[in-house]
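A short write-up of the structure that comes next.
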Amino acid sequence: MKNYTPPKKLFKIGESATMKAAEKARELRAKGVDVISLDVGEPDFPTPKPIIESAYKALNEGLTKYSQSQGLLELREAISNNLRENFRIEYLPNEIVVTTGAKMGIFYALTALLDEGDEVIIPTPAWPSYFDIAKFVGAVPVQVRTGENFELLPEDIEESITNRTKALLLNYPNNPAGVLYDKRTLENVAEIVERKELWVVSDEIYCRLVYDGEFTPFSKINRMKDRTIIVNGFSKAYSMTGWRLGYICGPKDVVKEILKVQQQTTTHPPTFIQKAAVTALNECESYVRGMVNEFKIRRDIFYNGLRRMGFKIQKPQGAFYFFPNAEDVYSEAEKFSEHLLEKAGVNTTPGSSFGMGYEKHFRISYATSREKIEEAISRMEKFLKT
Ligand SMILES: Cc1ncc(COP(=O)(O)O)c(C=O)c1O
Numbered sequence: 032m033k034n035y036t037p038p039k040k041l042f043k044i045g046e047s048a049t050m051k052a053a054e055k056a057r058e059l060r061a062k063g064v065d066v067i068s069l070d071v072g073e074p075d076f077p078t079p080k081p082i083i084e085s086a087y088k089a090l091n092e093g094l095t096k097y098s099q100s101q102g103l104l105e106l107r108e109a110i111s112n113n114l115r116e117n118f119r120i121e122y123l124p125n126e127i128v129v130t131t132g133a134k135m136g137i138f139y140a141l142t143a144l145l146d147e148g149d150e151v152i153i154p155t156p157a158w159p160s161y162f163d164i165a166k167f168v169g170a171v172p173v174q175v176r177t178g179e180n181f182e183l184l185p186e187d188i189e190e191s192i193t194n195r196t197k198a199l200l201l202n203y204p205n206n207p208a209g210v211l212y213d214k215r216t217l218e219n220v221a222e223i224v225e226r227k228e229l230w231v232v233s234d235e236i237y238c239r240l241v242y243d244g245e246f247t248p249f250s251k252i253n254r255m256k257d258r259t260i261i262v263n264g265f266s267k268a269y270s271m272t273g274w275r276l277g278y279i280c281g282p283k284d285v286v287k288e289i290l291k292v293q294q295q296t297t298t299h300p301p302t303f304i305q306k307a308a309v310t311a312l313n314e315c316e317s318y319v320r321g322m323v324n325e326f327k328i329r330r331d332i333f334y335n336g337l338r339r340m341g342f343k344i345q346k347p348q349g350a351f352y353f354f355p356n357a358e359d360v361y362s363e364a365e366k367f368s369e370h371l372l373e374k375a376g377v378n379t380t381p382g383s384s385f386g387m388g389y390e391k392h393f394r395i396s397y398a399t400s401r402e403k404i405e406e407a408i409s410r411m412e413k414f415l416k417t
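Under the numbering used here, think of the first position of the sequence shown as 32, with each following residue one higher.
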């Protein structure tokens with residue numbers, strides 16, 4: 032067999048840490064071990080029925096051909112209306128590109144903004160794919176730690192800016208800590224962004240999953256619309272992870288370049304899925320609210336459980352994650368996630384993949400049923416007692 036040596040650019044990236052963690056649970060389950068998965072960032076709710084029916088209908092009506100590379104106009108109009116109604120921000124359909132998931136949106140945004148060697152600041156803890164995608168496009172991800180309660184520290188962001196810094200990547204509500212940034216902090220960050228002439232990529236995939244406080248889109252802060260590329264998607268709010276659909280919004284000249292990348296890669300996401308997404312936006316608000324209510328209940332159950340165990344965490348305001356520090360309760364904190372799986376059959380994601388200095392943390396996803404959450408808490412309590 033011929034030896035295969037991957038090209039150098041592939042040495043820069045690794046496997047998806049979150050997928051790897053989930054795979055471990057799958058393997059154990061296949062061996063008959065009873066594992067509770069608190070690993071993947073995937074809502075356990077089924078995709079709402081109207082969305083599924085809309086996809087069927089679109090297939091039957093022949094929406095099986097190429098569409099506009101930028102995405103169906105009808106969908107871009109629905110996105111535009113949705114952003115206006117929910118957040119009072121204005122994006123015209125020609126400032127939007129429909130993408131194959133938010134992940135592709137991140138790839139496009141970083142590709143369109145960053146040259147070889149350019150630096151992108153990523154406040155940590157952060158979704159691990161940001162680091163890999165940044166490296167893959169030839170840029171340098173610069174990690175800047177957040178505060179004790181994962182709050183953004185504008186002065187630390189400013190200190191890490193060099194003459195190669197081109198962009199700042201924000202994500203709130205945040206994966207893995209669930210934090211939401213307040214308007215005042217965002218204004219302070221915006222002031223730095225403007226003064227240092229940076230771009231902002233704002234990953235707003237969890238913007239509908241907010242339980243306390245209010246989500247402020249970054250592009251709504253003073254003069255930030257011209258400097259911001261929003262990345263969003265249908266995976267989380269509409270429980271459509273497997274449909275692979277997202278979108279980016281941004282200034283027209285950036286959108287034009289992003290469109291070139293889409294035309295030369297995926298062309299566009301499947302046409303019938305785009306049609307189903309119109310139904311998601313226009314007809315499924317009650318489903319989103321139902322999921323948000325349920326996530327809030329689950330968050331509270333888990334929060335109380337974690338506090339009872341001795342974790343000194345704050346209540347996350349959004350998304351569906353906790354990012355506790357195992358040091359609060361366990362002497363071998365760096366091994367907590369591993370030991371919890373081995374000894375208690377509860378699978379979480381180790382903190383090390385979310386940024387440097389988070390080796391003692393672990394991520395819990397509470398996108399699972401209340402029964403499983405109760406059972407996971409009881410197993411964790413028992414594990415800690417022994
Ligand atoms: C912060 C963040 N951004 C983007 C994504 C990817 O979303 P999509 O399924 O739309 O590609 C995820 C998925 O876990 C995420 O947590």
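Built from N, CA and C at the ideal position, the CB exists for glycine as well.
Nearest-angstrom Cα separation, counted from residue j out to residue i
i, j, result
"asparagine 112", "glycine 102", "15 Å"
"leucine 183", "tyrosine 212", "7 Å"
"glutamine 295", "methionine 255", "29 Å"
"lysine 416", "proline 156", "29 Å"
"serine 362", "asparagine 356", "11 Å"
"valine 292", "methionine 135", "10 Å"
"threonine 298", "valine 168", "19 Å"
"leucine 141", "glutamate 412", "42 Å"
"proline 81", "lysine 39", "45 Å"
"serine 100", "valine 323", "32 Å"
"valine 175", "proline 77", "36 Å"
"alanine 350", "lysine 287", "31 Å"
"phenylalanine 118", "alanine 221", "18 Å"
"isoleucine 395", "aspartate 70", "6 Å"
"lysine 327", "leucine 199", "29 Å"
"glutamate 228", "glycine 93", "47 Å"
"asparagine 313", "glutamate 121", "17 Å"
"methionine 32", "lysine 374", "41 Å"
"lysine 346", "lysine 96", "46 Å"
"lysine 391", "isoleucine 137", "28 Å"
"serine 418", "asparagine 194", "The structure shown does not extend to residue 418, since the chain spans only 32 to 417, so no value can be given for it."
"proline 185", "lysine 88", "49 Å"
"glutamate 58", "glutamate 46", "17 Å"
"glutamine 305", "threonine 131", "10 Å"
Ligand 1 heavy atom lying under 7 Å from the CB of residue i
i, result
"glycine 277", "yes"
"asparagine 202", "yes"
"glycine 72", "yes"
"isoleucine 236", "yes"
"threonine 272", "yes"
"serine 266", "yes"
"glycine 376", "no"
"asparagine 206", "yes"
"glycine 382", "no"
"lysine 134", "yes"
"tryptophan 230", "no"
Status (buried if at least 16 other CB within 10 Å, exposed otherwise) for residue i
i, result
"arginine 418", "Shown here, the chain extends from 32 to 417; a query on residue 418 therefore has no answer."
"alanine 61", "exposed"
"asparagine 91", "exposed"
"proline 37", "exposed"
"phenylalanine 42", "exposed"
"methionine 271", "buried"
"glycine 148", "exposed"
"valine 285", "buried"
"leucine 372", "buried"
Supposed close pair residue i, residue j - CB separation, criterion 8 Å
i, j, result
"leucine 290", "valine 128", "6 Å"
"aspartate 359", "phenylalanine 342", "5 Å"
"aspartate 243", "leucine 201", "Contact doesn't hold; Cβ gap of about 19 Å is too wide."
Ligand 2 heavy atom lying under 7 Å from the CB of residue i
i, result
"threonine 296", "What this structure holds is ligand 1, not ligand 2."
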